[in-house]
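Under my numbering, the first residue of the sequence shown carries the number 13, and numbering increases by one thereafter. What follows is one structure encoded as C-alpha cells, with my remarks underneath.
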Amino acid sequence: MIKVLLISDIHIPKRNRYDKLEKINYSQLDYIIATGDYIEEDVIFYFKSQKPIFYGVFGNADEYNIKFSLPEKRIIKLGNYNIGIIHGHQAGWGDPSKLIQRFNNIDVLIYGHSHKKDDRVIKGIRCINPGAFCDGKYAILEMGSDSLSLKWMQV
C-alpha cells in the first residue's frame, strides 16, 4: 500500500505557520504531492527534508524562485496510476473538467486553487482537491494495485 500526502494552498507565512505542517506524521507516508501556493521557498525545502519523496508544482501566488524551480504541471507514475498534478489557476477557480484537458493519459488528477475539497470522477479520471492547508485541510491517498482510498484530514 502506497500512502501519499495531498496538500495544496499552504500560504506560509501570510495565512499559515510551520507549526501546522509539523502536526502531519510524515514517517507513515511514502510521497508528498503538493499543488502549489507555498508562498515562500522554505516550504519546499521543508517538504524535501521529510522522509517521503516530494513532487510539487507551483501555484499562482508563489514567489518567483518557486515558479522557476517547479513545473506548472507534471505527470508522475505511482504504482499502476498515472497522476497529473497542477495547481488549478489555469482554469478559473480550479475547474477539474477543464484541467484534465491539459493532460494526456492520466488516471488521477490532483489539483488545488479553489480552497475547496473535492473528489469526483470526470471522463474516467479521478479528480481530487485536498482543500486548502491554510484552512487546516489536507488528504491522504492510499493506493493499492487496483484501488484508491481517500482520507480527508484536518489539523
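Quick reminder that beta carbons are idealized off the backbone N, C-alpha and C, glycines included.
Query	Result
Those runs of the beta strand (DSSP E) which lie wholly inside the stretch 14 to 50 and span at least 3 residues	14 to 19 and 43 to 46
Whole alpha helix (DSSP H) elements within the stretch 75 to 149, 4-residue minimum	76 to 81 and 108 to 111
Endpoints, the alpha helix (DSSP H) within which Lys-60 is located	54 to 60
Outcome for Arg-138 when other beta-carbon atoms lying within 10 angstroms are tallied against a minimum of 16	buried
Span of the beta strand (DSSP E), counted from its first residue to its last, around Leu-70	Residue identity check: residue 70 is Phe in the sequence provided, not Leu. Per DSSP, Phe-70 belongs to no beta strand (DSSP E) and is neither H nor E.
The stretch 116 to 129 in contact with the stretch 144 to 161 per 3-pair CB rule at 8 Å	yes
Proximity of Asn-94 and Asn-117 at Cβ, strictly below 7 Å	yes
Three-state secondary structure assigned by DSSP to Ser-161	strand
Beta-carbon proximity of Ile-44 to Phe-57, cut-off 7 Å	no
Exposure label - Val-167; buried when at least 16 CB within 10 Å	exposed
Where Phe-70 falls, given that 16 or more other Cβ within 10 Å makes a residue buried	buried
Closest residue to Trp-105 among Asn-72, Leu-82, Leu-90 and Glu-84 (Cα-Cα distance)	Asn-72
Integer-rounded CB distance, given that Ile-134 should sit under 8 Å from Leu-162	No, Leu-162 and Ile-134 are not in contact; Cβ-Cβ is about 15 Å, not under 8 Å.
Nearest candidate by alpha-carbon position, reference Ile-51, set Glu-154, Lys-85, Ile-88 and Ile-24	Ile-24
Beta-carbon contacts of Leu-82 that lie in its chain and below 6 Å, excluding the five residues immediately before and after	Gly-68, Val-69 and Phe-70
Assigned exposure category for Asn-37 - 16 Cβ within 10 Å defines buried	exposed
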